[in-house]
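In UniProt numbering, the protein residues as written are 1 to 307.
Just so it is clear, CB atoms sit at the ideal spot from N, CA and C, and this is done for glycine as well.
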């Protein structure tokens, strides 16, 4: 007999499997977790219906014409909500959250060629109440659970069928190949070949993003890490802690990272391991009190960027 605690643990394992691959086989997940396939399907259906999980496809920054990535910590004098709302509405922002500490709110922005970043920072600085921004540039993104990597290589050339397939996947990431074919004007086998080509090239990544918008019960921590040894020496040690996001950075920190867990006690354990990591000089951490936006690689700008 499956106890409530055992089922809760199995349920979490199911959702974690989909975070890495939103089209993972329910049968394979069931085998790995020790549940029946229909139980896995029911867990996923409930999580999506209750707005706990969003199954979608993230598009490569290369296809969207994005070249520069930055993490912003913003000081706000007065109410934060107007600034938060303005940041959420910006097409350049992919992540926005209220945070604890000296800075009121943080954001990740992804922009095109210079001077796009400068214009974006200027626009934020002009928002009423914003008095300061600390900017940390990403030199390279090493781990990003919910988005393909920026490669700086010539992006894959897409045709209308590719774009239609991607846009359909963003609405229903687990569509059958027959449904994808109908949406893109291809046969089911043709849709499968197109999909596999897009994934293999790194153009798209199908993911299950946990919906953390306004859900403070899901703990996440942002980390700013300074290295006491060469960055390349410390990098694999931080990767071993399995952060959901990790970037080598230039500016206030050598690394920017995000860690998440199922409980505060698990976060404490991860932080203890991090602080004991050889070669780490200093770590700042901040709680994401309220996540207002978490959206990576949307298709609304795909047509213009990939033609």
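Contacting residues, own chain, Cβ-Cβ under 8 Å from residue i (five flanking each side not counted)
| i | result |
| --- | --- |
| residue 289 | 97, 98, 99, 100, 216 |
| residue 131 | 75, 76, 77 |
| residue 187 | 181 |
| residue 179 | 168, 172 |
| residue 159 | none |
| residue 32 | 13, 17 |
Cutoff 7 Å; reference residue i; Cβ partners in own chain excluding five residues on either side
| i | result |
| --- | --- |
| residue 110 | 61, 66, 69, 92, 94 |
| residue 251 | 135, 136, 137 |
| residue 27 | 37 |
| residue 147 | 58, 205, 296, 297 |
| residue 262 | 12 |
Inter-residue spacing [alpha-carbon to alpha-carbon] between residue i and residue j
| i | j | result |
| --- | --- | --- |
| residue 225 | residue 234 | 10 Å |
| residue 36 | residue 17 | 15 Å |
| residue 174 | residue 42 | 14 Å |
| residue 161 | residue 184 | 5 Å |
| residue 127 | residue 296 | 24 Å |
| residue 204 | residue 265 | 34 Å |
| residue 303 | residue 281 | Bear in mind that the predicted position of residue 303 carries a pLDDT of just 48, short of 50, making it too unreliable to give a figure here. |
| residue 181 | residue 107 | 37 Å |
| residue 238 | residue 145 | 15 Å |
| residue 1 | residue 12 | With a pLDDT of 48 at residue 1, under the threshold of 50, the modelled position of this residue cannot be trusted, and the question is left open. |
| residue 80 | residue 285 | 20 Å |
| residue 118 | residue 19 | 33 Å |
| residue 45 | residue 278 | 43 Å |
| residue 169 | residue 191 | 11 Å |
| residue 88 | residue 120 | 13 Å |
| residue 223 | residue 189 | 44 Å |
| residue 193 | residue 176 | 13 Å |
| residue 294 | residue 114 | 24 Å |
| residue 236 | residue 122 | 35 Å |
| residue 52 | residue 232 | 36 Å |
Which listed residue (the options) has its alpha carbon closest to that of residue i
| i | options | result |
| --- | --- | --- |
| residue 198 | 58, 53, 49, 7 | 58 |
| residue 209 | 54, 21, 261, 251 | 54 |
| residue 7 | 24, 22, 34, 25 | 34 |
| residue 63 | 119, 153, 106 | 153 |
| residue 103 | 116, 72, 114 | 72 |
| residue 21 | 251, 250, 222, 207 | 207 |
| residue 50 | 254, 143, 211 | 211 |
| residue 149 | 200, 223, 231, 254 | 200 |
| residue 86 | 124, 56, 169, 244 | 124 |
| residue 164 | 155, 139, 195 | 195 |
| residue 255 | 263, 45, 261, 229 | 229 |
| residue 56 | 10, 115, 172, 139 | 172 |
| residue 10 | 30, 25, 271, 23 | 30 |
| residue 243 | 25, 263, 270 | 270 |
| residue 105 | 32, 82, 193, 52 | 82 |
| residue 253 | 262, 52, 232, 227 | 227 |
Presumed contact (8 Å Cβ cut-off) between residue i and residue j, rounded CB distance
| i | j | result |
| --- | --- | --- |
| residue 40 | residue 14 | 5 Å |
| residue 283 | residue 275 | 6 Å |
| residue 202 | residue 258 | Residue 202 to residue 258, Cβ: 21 Å. No contact. |
| residue 141 | residue 247 | 5 Å |
| residue 273 | residue 241 | 6 Å |
| residue 84 | residue 287 | Not quite, the Cβ-Cβ distance comes to about 16 Å (not below 8 Å), so this is no contact. |
| residue 245 | residue 143 | 6 Å |
| residue 139 | residue 24 | Not really, about 31 Å apart at Cβ, beyond 8 Å. |
Limits of the unbroken beta strand (DSSP E) element including residue i
| i | result |
| --- | --- |
| residue 75 | 68 to 76 |
| residue 80 | Note, residue 80: premise wrong, no beta strand (DSSP E); not H, not E. |
| residue 106 | 105 to 111 |
| residue 246 | 245 to 250 |
| residue 54 | 53 to 59 |
| residue 198 | First-last for residue 198: 188 to 200, but that is the alpha helix (DSSP H), not the beta strand (DSSP E). |
| residue 130 | 130 to 144 |
| residue 282 | 280 to 294 |
| residue 203 | That residue, residue 203, is in no beta strand (DSSP E); it is neither H nor E in DSSP. |
| residue 211 | Careful: residue 211 lies outside any beta strand (DSSP E) and carries neither H nor E. |
| residue 26 | No beta strand (DSSP E) holds residue 26; the alpha helix (DSSP H) holding it covers 26 to 33. |
| residue 97 | 93 to 99 |
Chain-order list of residues whose beta-carbon lies under 6 Å from that of residue i (same chain, five-residue window excluded)
| i | result |
| --- | --- |
| residue 78 | 129 |
Residue i: CB within 7 Å of a non-hydrogen atom of the ligand PLP
| i | result |
| --- | --- |
| residue 133 | The ligand PLP is not part of the structure shown, which contains no ligands of any sort. |
Alpha helix (DSSP H) segment containing residue i, residue limits
| i | result |
| --- | --- |
| residue 221 | Where residue 221 is concerned, there is no enclosing alpha helix (DSSP H), although the beta strand (DSSP E) it sits in stretches over 220 to 227. |
| residue 179 | 177 to 184 |
| residue 123 | 116 to 125 |
| residue 162 | 160 to 171 |
| residue 45 | 37 to 49 |
| residue 257 | Premise fails: residue 257 lies in the beta strand (DSSP E), 255 to 260, not in any alpha helix (DSSP H). |
Neighbour flag for residue i against chain C, beta carbons, 8 Å
| i | result |
| --- | --- |
| residue 50 | The question asks about chain C, but that chain is absent: this structure has only one protein chain. |
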